[in-house]
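In this text, residue positions in the sequence shown follow the working numbering: the first is 33, and each later residue adds one.
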Amino acid sequence: MVLLLGISFAAEVITFDNNWARNPLFNVISETPTGIQVVFSMHEMVIEEQLIDGVPMKSFGVPTVSIPDEGAPNLTGISRYIAIPQGAQAIITILDSRTEVYHNVEVAPAPNIPRDGDDAPLRYVKDMEIYGRNAYYPSSPVRLSKAMEMRGVDIVLLGVMPFQYNPVTKELIVYKDIRVKVDFIGGNGHFGEDRLRSRFWEPILQSHLLNYNSLPHVDFYAPERIQARDGYEYIIIVPDDALFEAWADTIKVWRKLQGISCEVYTLTEIGGSS
Numbered sequence: 033m034v035l036l037l038g039i040s041f042a043a044e045v046i047t048f049d050n051n052w053a054r055n056p057l058f059n060v061i062s063e064t065p066t067g068i069q070v071v072f073s074m075h076e077m078v079i080e081e082q083l084i085d086g087v088p089m090k091s092f093g094v095p096t097v098s099i100p101d102e103g104a105p106n107l108t109g110i111s112r113y114i115a116i117p118q119g120a121q122a123i124i125t126i127l128d129s130r131t132e133v134y135h136n137v138e139v140a141p142a143p144n145i146p147r148d149g150d151d152a153p154l155r156y157v158k159d160m161e162i163y164g165r166n167a168y169y170p171s172s173p174v175r176l177s178k179a180m181e182m183r184g185v186d187i188v189l190l191g192v193m194p195f196q197y198n199p200v201t202k203e204l205i206v207y208k209d210i211r212v213k214v215d216f217i218g219g220n221g222h223f224g225e226d227r228l229r230s231r232f233w234e235p236i237l238q239s240h241l242l243n244y245n246s247l248p249h250v251d252f253y254a255p256e257r258i259q260a261r262d263g264y265e266y267i268i269i270v271p272d273d274a275l276f277e278a279w280a281d282t283i284k285v286w287r288k289l290q291g292i293s294c295e296v297y298t299l300t301e302i303g304g305s306s
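Next comes the structure, spelled out in structure tokens:
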């Protein structure tokens, strides 16, 4: 284990031209029930210079918030979720890439993440399982997580770290563009559990899923959808008084028009705790 103390003193932003995609980072080229094709374009690269134990080193990353593994080369990436059909497996393939190679580069190790209230200087401890090996880290610039769920939708996390560093040869490969495809193997071809779709959750799915458009359209205001729900999203409790019940019914109708399942109960109906 090598313990190093470091000070950051400069940062530089490198801009790349002629990228394959108009937008930075993730661009969906095509999406179908059997897969998705994505182009990752790094329009800008951030280089931070650091003086660690008297040795000039650098960290590289995309302009996003990312935390590398402690002790690994300080290279940052970014991830996005992809919806997959129910019961399917996802397999990723790199179709093409555009790279640039930097030689004689000293990439700093990622520092520790201090606890709240810990004011001690950051520690830079090289993971010698990585730094002592004549191999590129990471082994691939892209990876997929295991399948998980988000509000009934089967998903995987597509991670892109557009760098590979060999700490022995000090060679850094920078991926300016990567074209990948993710194939969905097996499953029933349907994305998500329809009964769990909610207009309150839909903005979250839309902002997090690269292939949100693959999810089936749901009419959240359809009467049959509201009436078919088990339980209610909104309950109104009123005294045993016809006037209160009438006003509660007015609110109930309004909530149902908003697509919210609703019911009115009196104090007698819900009972007490004694």
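Note that beta-carbon positions come from the ideal geometry of N, C-alpha and C, so glycine has one too.
Could you please give me the residues that DSSP links to residue i through a beta bridge?
i	result
Ser-73	Leu-57, Asp-209
Ser-62	Gln-69
Ala-122	Phe-216
Asn-136	DSSP lists no partner for Asn-136.
Met-180	Ile-187
Met-89	Gln-82
Phe-48	None, per the DSSP bridge assignment.
For residue i, which of the options has the nearest alpha-carbon?
i	options	result
Ala-142	Met-180, Pro-170, Gly-67, Glu-102	Glu-102
Arg-229	Ala-254, Ile-217, Phe-216	Ala-254
Glu-80	Glu-225, Gly-86, Ser-91, Cys-294	Ser-91
Thr-300	Ile-292, Met-74, Glu-277, Lys-284	Glu-277
Thr-47	Glu-76, Gln-196, Asn-55, Ile-61	Glu-76
Phe-232	Arg-183, Asn-59, Tyr-197	Arg-183
Tyr-297	Gln-290, Trp-279, Leu-289	Trp-279
Asp-272	Ile-283, Asp-148, Gly-303	Gly-303
Leu-83	Glu-234, Arg-165, Leu-241, Arg-155	Arg-155
Asn-144	Ile-99, Ser-129, Gly-119	Ile-99
Gly-130	Glu-234, Val-206, Leu-275, Phe-252	Checking the sequence, you will find Arg at residue 130 rather than Gly. For the residues Glu-234, Val-206, Leu-275, Phe-252, the minimum Cα distance to Arg-130 belongs to Val-206.
Asp-251	Ile-283, Val-87, Arg-227, Gly-119	Arg-227
Gly-164	Thr-282, Lys-202, Phe-72	Lys-202
His-222	Gly-119, Ala-53, Asp-49, Ile-61	Gly-119
Glu-132	Ile-283, Lys-284, Asp-49	Asp-49
Would you kindly check if the distance between the Cβ of residue j and the Cβ of residue i is under 9 Å?
i	j	result
Val-78	Arg-211	no
Asn-245	Ile-114	no
Ile-162	Pro-248	no
Met-74	Lys-208	yes
Ser-172	Ile-110	no
Ile-268	Cys-294	yes
Leu-57	Ala-122	no
Asn-51	Pro-117	no
Val-139	Asn-166	no
Leu-190	Arg-112	yes
Tyr-168	Tyr-197	yes
Val-174	Phe-72	yes
Ile-124	Lys-213	yes
Less than 8 Å between the CB atoms is what I'm expecting for residue i and residue j, so what's the real figure, rounded?
i	j	result
Thr-66	Asp-215	7 Å
Leu-204	Val-137	5 Å
Met-193	Leu-107	6 Å
Which term fits residue i, buried or exposed, when burial requires 16 or more other beta carbons within 10 angstroms of its beta carbon?
i	result
Lys-178	exposed
Thr-96	exposed
Gln-238	exposed
Gly-224	buried
Asp-186	buried
Val-45	exposed
Ala-152	exposed
Ile-236	exposed
Pro-170	buried
Pro-180	At residue 180 the sequence reads Met, which differs from the Pro that was named. The residue in question, Met-180, is exposed, as its Cβ has fewer than 16 Cβ neighbours within 10 Å.
Leu-275	exposed
Ile-292	buried
Does residue i have its Cβ less than 9 Å from a Cβ in chain C?
i	result
Phe-195	Checking the listed chains, one finds no chain C in this structure; it contains a single protein chain.
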